[in-house]
Structure formats: structure tokens, C-alpha cells
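The numbering of the sequence shown is our numbering, which starts it at 348 and goes up by one.
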Amino acid sequence: MHNNIDHHKPFEEEELQLTVNRGNIYHNLNNDNLRKAAQVIFHDKVSKEYYQKTIVAGNYIGFDLEKHGFTNLLVHIRLLAEFFRSAIHLVGQTTRQKSNKVFFMGEGQGRTSIAAIEIAKQLQIKEIYLNDLLTEHVEHVREKVARCYGTRSQIIDGVKLQFVPGDFTEVAQNIDVQFDAIFAMWMVTSEICDFSNVDSLRDVRNNLYHSVKKLLTKQGVFVEEIPFSEGIGNFYYVARLKTYHILHEMGILEGENDHMLLTDFTDIQSSGFPYHIRYIPCNGKHRQELESVGLVENESTVTFAPSGIKNLGLYEKEIGSSEKIVNLFAGNSIDDIIPYLKQKEQECLLFPKTTDIVAEKKKTILWRQKYPI
Numbered sequence: 348m349h350n351n352i353d354h355h356k357p358f359e360e361e362e363l364q365l366t367v368n369r370g371n372i373y374h375n376l377n378n379d380n381l382r383k384a385a386q387v388i389f390h391d392k393v394s395k396e397y398y399q400k401t402i403v404a405g406n407y408i409g410f411d412l413e414k415h416g417f418t419n420l421l422v423h424i425r426l427l428a429e430f431f432r433s434a435i436h437l438v439g440q441t442t443r444q445k446s447n448k449v450f451f452m453g454e455g456q457g458r459t460s461i462a463a464i465e466i467a468k469q470l471q472i473k474e475i476y477l478n479d480l481l482t483e484h485v486e487h488v489r490e491k492v493a494r495c496y497g498t499r500s501q502i503i504d505g506v507k508l509q510f511v512p513g514d515f516t517e518v519a520q521n522i523d524v525q526f527d528a529i530f531a532m533w534m535v536t537s538e539i540c541d542f543s544n545v546d547s548l549r550d551v552r553n554n555l556y557h558s559v560k561k562l563l564t565k566q567g568v569f570v571e572e573i574p575f576s577e578g579i580g581n582f583y584y585v586a587r588l589k590t591y592h593i594l595h596e597m598g599i600l601e602g603e604n605d606h607m608l609l610t611d612f613t614d615i616q617s618s619g620f621p622y623h624i625r626y627i628p629c630n631g632k633h634r635q636e637l638e639s640v641g642l643v644e645n646e647s648t649v650t651f652a653p654s655g656i657k658n659l660g661l662y663e664k665e666i667g668s669s670e671k672i673v674n675l676f677a678g679n680s681i682d683d684i685i686p687y688l689k690q691k692e693q694e695c696l697l698f699p700k701t702t703d704i705v706a707e708k709k710k711t712i713l714w715r716q717k718y719p720i
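Shown next as C-alpha cells:
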């Protein structure tokens with residue numbers, strides 16, 4: 348766990364100290380809270396199994412993801428519609444040999460599963476794989492879909508659904524299917540890690556993106572959302588530098604600890620494991636991860652997470668239930684829905700100032716294959 352090799356420091360000392368001293372009034376940026384998270388997480392060897400079963404799974408015990416993420420739902424549906432449309436359009440432009448199948452990695456409790464089905468219907472997708480590490484999450488999605496459409500059939504208006512629990516890389520080894528698009532939204536890939544040592548971490552990350560590439564059709568694409576931590580002063584930048592400062596002092600994971608994110612969830616998680624660590628490579632490092640398996644950035648966008656809802660009545664009227672999401676897409680094309688959703692974001696949501704230290708920025712990326720055949 349501990350590594351005493353002297354590495355070149357990744358940040359200027361003055362920049363690091365100024366950043367470490369900022370934002371301590373906020374729970375998720377408080378140095379003492381983050382240090383406690385590190386001490387609890389790294390009190391012993393953090394194997395991949397411990398990370399998945401204790402830390403990641405423990406974060407979600409007794410936790411209503413849909414309620415917690417409701418403020419973000421409108422933006423998530425709009426981003427999903429934009430990138431789903433772009434992905435299938437790009438594949439259609441470059442080949443006639445499509446599989447008409449897509450895969451959703453880390454679907455959680457199914458926050459956008461209904462929207463995904465409705466978009467798939469419009470884009471003539473024939474099969475959707477819905478995956479999550481946790482079996483209980485996959486079952487929650489299954490029940491959500493059944494309630495919404497009034498059937499337990501796994502074929503909804505011509506779209507076949509496959510519910511697939513388990514670690515994505517293990518799932519990838521056990522299925523002989525290829526997809527036109529794989530989606531890993533909502534920072535899912537930041538949790539596919541092994542923090543036992545640097546080599547294991549790099550191996551898991553390499554295996555992750557090789558597994559993605561393996562499951563893609565020849566012209567298939569990968570859509571991924573990650574924390575954007577490169578902009579000086581924003582939340583993930585500050586949290587990343589604070590995390591580095593703490594882990595470096597503890598001598599943990601030197602050589603990679605400048606790309607990590609410690610989190611203290613004790614303010615919202617009372618029944619499970621309230622601490623977390625994720626891997627959020629930046630400064631070109633993440634691009635190298637994808638390019639090493641032959642995937643290059645085709646398009647991307649950076650968005651701010653909303654800070655609140657200013658018109659709850661209108662917000663709930665638009666997307667307050669699965670049935671309302673179905674109605675939103677009924678009779679409306681994706682090309683019409685996307686600008687409509689953008690308008691509703693402005694009418695319904697509050698957004699932080701761009702200079703606000705707690706403003707969370709996320710980057711959504713469409714990766715395509717470097718040498719399409």
C-alpha cells in the first residue's frame with residue numbers, strides 16, 4: 348500500500364497550498380473530512396473485491412439514487428438524447444453492418460432507463476443491455492420498466508431488454524455480442540478500479556477499455572461521462588488536489604494519487620459506507636487510456652450540474668414520473684425534444700456561477716474507433 352519512491356510532484360507547491368486551504372467550510376471539500384475518508388478507506392489493503400463490495404456497494408445501501416439525482420434528471424435526459432442520437436448517426440454514416448444493439452454500463456437504479464428505451468425506439472435500436480455492478484439495482488430497473496409499461500415482457504414496442512448484473516469487465520468476458528454503442532454515463536468508469544497498488548490500478552483500467560473495445564462493432568462508439576477536474580478552481584479540481592495532498596502525505600499510490608477523488612458522504616449516507624474514492628485521470632491521461640485501445644475523441648461537451656430546482660411544479664409536470672417521460676417522447680422527434688429540454692432547463696433549474704468553488708463540471712465524450720474498417 349505504501350510507496351516511498353520519490354516521484355516528481357505533479358503540482359506547483361504554491362498552487363497546491365493555495366488550493367488545499369480553500370473551501371474548508373464545505374463538507375465535501377473539508378480537509379479533515381477528506382483525511383478521515385482516506386484513513387478509513389486505506390486502514391488496510393484495498394483489494395478490488397473490497398472496493399466493489401464494501402466501498403462502492405456500501406455507498407448505495409439504503410440510498411435512493413433516483414431521489415438523490417432528481418435535480419440532475421432533466422440534464423441527464425437531454426445529454427443522453429444528444430449523445431445517443433450522435434452515436435447512432437455516426438455509426439449509420441460509416442457502415443451498413445450495424446448490430447442495432449446498445450449497452451448501458453452502470454445503470455444504477457434506472458434513473459434514465461425509460462428515456463433510453465424511448466430514444467432507442469426512435470433510433471430503431473432492437474436490443475438494449477442494462478447493466479449494473481449490483482444485482483439489486485438491476486432488479487430495481489426491471490421493476491421500474493415493468494411498472495411503467497404495464498408488462499413483464501422483455502420486449503417493449505419492439506425493443507428487447509436484457510438485464511445484466513455484475514462487474515462490466517466480467518460481463519464482457521462472458522457475452523458474445525457486439526454493440527453499436529456502449530454508454531457509461533454519470534461517472535461510472537471512475538468506479539472501475541483497484542486501489543491495492545499502482546500496477547493493479549493500471550491493469551484494471553487497461554482491462555476496462557479493452558473490454559469496451561471488444562464489445563463494439565467495427566464502427567461502434569463509446570459514450571462516457573467523467574468528472575471534469577482540469578479547470579482551475581472548480582469543485583473537482585479542488586477536490587483532486589486536496590486528495591493528492593492527503594494521499595501523498597500518507598505515502599499512498601504514488602504516481603497515480605494526483606488523479607483521485609476522495610469523498611465524505613457522512614452528511615447524506617447514514618446506513619451504508621459513507622466514504623468513497625474514485626479515479627479521475629485528467630491532463631491528457633484519460634485520453635491516453637482510450638487511445639491505447641484505439642479509441643479517439645470524436646465530440647464532447649462540458650456541463651455544469653444544476654444546483655437546485657427553481658420551478659418544482661413545472662419540473663415535475665415534465666419529468667416527475669416514468670409515464671411523463673414516455674409522454675414527453677410520444678409523438679415528438681428527438682430533434683424536437685432536445686431544444687425543448689434545453690428550454691425547460693432554463694425555466695426549471697438553478698445553475699451555479701462558473702466561478703463557484705462548489706460548481707461541479709462534467710465532461711461527456713463520444714469516443715470513436717481510430718481506424719474504422
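Don't be surprised by glycine CBs; every beta carbon is placed ideally from N, CA and C. Please read these numbers as outputs of a predicted model, since none were measured by experiment.
For residue i: DSSP bridge partner residues
| i | result |
| --- | --- |
| Met607 | Tyr626 |
| Tyr476 | Phe450 and Gln509 |
| Ala528 | Val449 and Val568 |
| Gly655 | Leu697 |
| Gln716 | Leu642 |
| Leu563 | Phe526 |
| Val649 | Lys710 |
| Pro574 | Lys709 |
| Ile503 | Val506 |
Nearest residue (CA-CA) to residue i, options the options
| i | options | result |
| --- | --- | --- |
| Lys709 | Ala467, Asn679, Val518 and Val535 | Val535 |
| His623 | Asp379, Ser654 and Asn406 | Asn406 |
| Asp723 | Ser558, Leu608, Val488 and Glu517 | Residue 723 cannot be examined here, being either before or after the span of the chain that is shown, 348 to 720. |
| Lys369 | Phe582, Gln520 and Arg494 | According to the sequence as given, residue 369 is Arg; it is not Lys. Of the listed residues, the one whose Cα sits closest to Arg369 is Phe582. |
| Ile424 | Met452, Trp533, Lys560 and Pro699 | Trp533 |
| Ile475 | Tyr496, Val506, Gln469 and Glu454 | Val506 |
| Ser446 | Glu454, Glu429 and Gln471 | Gln471 |
| Asn679 | Glu577, Leu588 and Gln469 | Gln469 |
| Phe569 | Ser647, Ser547 and Leu548 | Ser647 |
| Gln520 | Leu555, Asn544 and Val545 | Leu555 |
| Lys414 | Ile615, Met452, Phe515 and Leu588 | Ile615 |
| Tyr373 | Gly667, Thr610, Pro621 and Leu675 | Thr610 |
| Ala652 | Thr701, Asn544 and Asn674 | Thr701 |
| Val551 | Phe530, Asp523, Asp514 and Ile522 | Asp514 |
Whole-number beta carbon distance between residue j and residue i, since they are thought to touch under 8 angstroms
| i | j | result |
| --- | --- | --- |
| Lys400 | Asp541 | That pair is no contact at about 13 angstroms. |
| Arg715 | Leu642 | 7 angstroms |
| Ile435 | Asp527 | 6 angstroms |
| His594 | Ala404 | Checking the sequence shown, residue 594 turns out to be Leu, not His. Rounded, the Cβ-Cβ distance is 23 angstroms, inconsistent with contact. |
| Gly567 | Gln525 | 7 angstroms |
| Phe450 | Leu562 | 6 angstroms |
| Glu465 | Ile685 | No, Glu465 and Ile685 are not in contact; Cβ-Cβ is about 13 angstroms, not under 8 angstroms. |
| Val640 | Lys560 | 5 angstroms |
| Glu572 | Arg625 | At roughly 13 angstroms, the Cβ-Cβ gap does not stay under 8 angstroms, so Glu572 and Arg625 are not in contact. |
Inter-residue spacing [alpha-carbon to alpha-carbon] between residue i and residue j
| i | j | result |
| --- | --- | --- |
| Ile681 | Ala463 | 12 angstroms |
| Thr366 | Ile579 | 9 angstroms |
| Val393 | Val492 | 36 angstroms |
| Asp703 | Ile461 | 33 angstroms |
| Ser558 | Asn478 | 14 angstroms |
| Glu694 | Leu376 | 30 angstroms |
| Thr498 | Leu696 | 33 angstroms |
| Tyr584 | Ser576 | 4 angstroms |
| Leu481 | Ile627 | 22 angstroms |
| Cys495 | Lys664 | 16 angstroms |
| Ile402 | Lys565 | 36 angstroms |
| Pro719 | Leu637 | Legend: pLDDT at Pro719 = 49, less than 50; position of this residue unreliable, no value from coordinates given. |
| Glu454 | Glu596 | 35 angstroms |
| Met452 | Lys356 | 34 angstroms |
| Thr516 | Lys671 | 34 angstroms |
| Leu437 | Phe431 | 10 angstroms |
| Arg587 | Ile502 | 43 angstroms |
| Val518 | Ser500 | 23 angstroms |
| Pro621 | Tyr591 | 20 angstroms |
| Val371 | Gly631 | First, the amino acid is wrong: residue 371 is Asn here, not Val. Taking the straight line joining both Cα atoms gives about 28 angstroms. |
| Lys717 | Leu426 | 24 angstroms |
Tell me, please, whether the stretch 385-393 touches the stretch 586-606 by the rule of three or more beta-carbon pairs shorter than 8 angstroms. yes
Does the stretch 433-444 come within contact of the stretch 686-705, defined as at least 3 CB pairs closer than 8 angstroms? No contact exists between the stretch 433-444 and the stretch 686-705.
So, do the stretch 417-431 and the stretch 490-510 have three or more beta carbon pairs nearer to each other than 8 angstroms? In the pairwise beta carbon analysis, the stretch 417-431 is classified as not touching the stretch 490-510: fewer than three pairs are separated by under 8 angstroms.
Is the stretch 370-383 in contact with the stretch 658-674, if contact means three or more CB pairs nearer than 8 angstroms? no
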